[in-house]
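Novice: Have a look at this one before I ask anything.
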Amino acid sequence: MSRPHVHCYGCGRAARVILRWLHQADLIQIGQVCNRSLESSRDAVAFLGAGQAVVAMDAAVNGGWLMLGLPDGALNAAALGLSCRMPGQPELVFHLSGSMPASALEPLGAPVAAVHPVRAFSDPATAVAAMPATWCVGEGETEPLSRLKALFCEAGARWAEITPAGKPAYHAATVAASNYLVALNDMARSLAQRSGLDGNDVAELLADLQQAVIQSLRTASPEQALTGPIERGDEHALARLLPAADGAGHAELFRALGRATLSLAQRKRGELDSDAALARALTSRPD
Ligand SMILES: NC(=O)c1ccc[n+]([C@@H]2O[C@H](COP(=O)([O-])OP(=O)(O)OC[C@H]3O[C@@H](n4cnc5c(N)ncnc54)[C@H](OP(=O)(O)O)[C@@H]3O)[C@@H](O)[C@H]2O)c1
Numbered sequence: 383m384s385r386p387h388v389h390c391y392g393c394g395r396a397a398r399v400i401l402r403w404l405h406q407a408d409l410i411q412i413g414q415v416c417n418r419s420l421e422s423s424r425d426a427v428a429f430l431g432a433g434q435a436v437v438a439m440d441a442a443v444n445g446g447w448l449m450l451g452l453p454d455g456a457l458n459a460a461a462l463g464l465s466c467r468m469p470g471q472p473e474l475v476f477h478l479s480g481s482m483p484a485s486a487l488e489p490l491g492a493p494v495a496a497v498h499p500v501r502a503f504s505d506p507a508t509a510v511a512a513m514p515a516t517w518c519v520g521e522g523e524t525e526p527l528s529r530l531k532a533l534f535c536e537a538g539a540r541w542a543e544i545t546p547a548g549k550p551a552y553h554a555a556t557v558a559a560s561n562y563l564v565a566l567n568d569m570a571r572s573l574a575q576r577s578g579l580d581g582n583d584v585a586e587l588l589a590d591l592q593q594a595v596i597q598s599l600r601t602a603s604p605e606q607a608l609t610g611p612i613e614r615g616d617e618h619a620l621a622r623l624l625p626a627a628d629g630a631g632h633a634e635l636f637r638a639l640g641r642a643t644l645s646l647a648q649r650k651r652g653e654l655d656s657d658a659a660l661a662r663a664l665t666s667r668p669d
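In the numbering used here, the protein residues as written are 383 to 669.
Spelled out as structure tokens, the structure:
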């Protein structure tokens, strides 16, 4: 496979990781890198170790690939804006959003696709090394998608495809699995910090616990993986936990997740009647 010239409009966290990963694998050449200020474009090029920092793309994009690493909300406007002022014609255009359809890029007049890397890029520098074996979910027109699939799979990605109609539900799933896990960890930390546990141990203790549960979910269903007082139907234990959650300012979230956990437990046990006390506690108002 010849190494395509990949140009980038919107080179933030996700785009930097993707470009540096594919470039280090010697699978692409990095062309123009364009953010809204030259300083920002230069910063991106310094991270990539290749490319030309610009604030307006020019005819150099002719025949190359154009990757849009813009926030989702900027994609439509960007596509229209670029179509008005981009002098060159890329061979294909793709974005990195999990929720926007590739068709948002049609105004650019080139074949369109999207590749969503299923990974949180909070720290681009360390994320690059983790990219091989990362799931990448593609969507778009057949021809550009098959070229992107070949490129990403050659770099080691695990590949899946989705339809435009499925993208909002797919993206909601990844938000629930990733962002909400972080929000849960934050709630757990604030509770643990009120417990008197050594603050230095809290992060590791909770991460170990979450990691073990996630590991079990690789092979077990959520019903099988669930343990704890709600799963056991232990209303006395729950009655002791709720005031602690209320006192830490988590009354609403703790009860809402408790209700979700209770329906999971009921699916597991196939019993509904015996849980009336638990259900009452979880719909109660905090004192
Ligand atoms: N971050 C992740 O973990 C992750 C993971 C998978 C997929 N994605 C997807 O990747 C895409 C980009 O997300 P990101 O987290 O990489 O965003 P980001 O870090 O905020 O980067 C966005 C980049 O676009 C530039 N930009 C140019 N025009 C812009 C405009 N009108 N508004 C805002 N920024 C503009 C920004 O640079 P200047 O502000 O300097 O112009 C910045 O470099 C999204 O579609 C997202 O869903 C992200």
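Yeah, the Cβ is synthetic: ideal placement off N, Cα and C, and Gly gets one too.
1. With respect to the beta strand (DSSP E) encompassing residue 412, which residues constitute its N-terminal and C-terminal limits?
2. Only counting the same chain, and skipping five residues up and downstream in sequence, which positions put a Cβ closer than 6 Å to that of residue 443?
3. For residue 607, which residues in the same chain have their Cβ closer than 8 Å to its Cβ, ignoring the five residues on either side in sequence?
4. Please state the DSSP three-state secondary structure of residue 543.
5. Under the criterion of a Cβ to heavy atom distance below 7 Å, does residue 422 qualify as lining ligand 1?
6. With contact counted as at least three CB pairs below 8 Å, one residue from each stretch, are the segment 473–480 and the segment 433–453 in contact?
7. Once the 5 residues before and after residue 605 are set aside, which same chain residues still bring their CB inside 7 Å of it?
8. Using a threshold of 7 Å, is the CB atom of residue 418 nearer than that to any non-hydrogen atom of ligand 1?
9. Between 426, 623 and 629, which has its C-alpha nearest residue 640's C-alpha?
10. Given the structure, does residue 499 come close to ligand 1, in the sense that its CB is under 7 Å from one of the ligand's heavy atoms?
11. Sorted by chain position, which residues of the same chain lie with C-beta nearer than 6 Å to residue 394's C-beta, five sequence neighbours on each side aside?
12. How many whole angstroms separate the CB atoms of residue 483 and residue 531, which I take to be in contact at a CB cut-off of 8 Å?
Specialist: Short version:
1. 411–416
2. 389, 470 and 472
3. 595, 598 and 599
4. strand
5. yes
6. yes
7. 646, 649 and 650
8. yes
9. 623
10. yes
11. 451
12. Not quite, the Cβ-Cβ distance comes to about 17 Å (not below 8 Å), so this is no contact.
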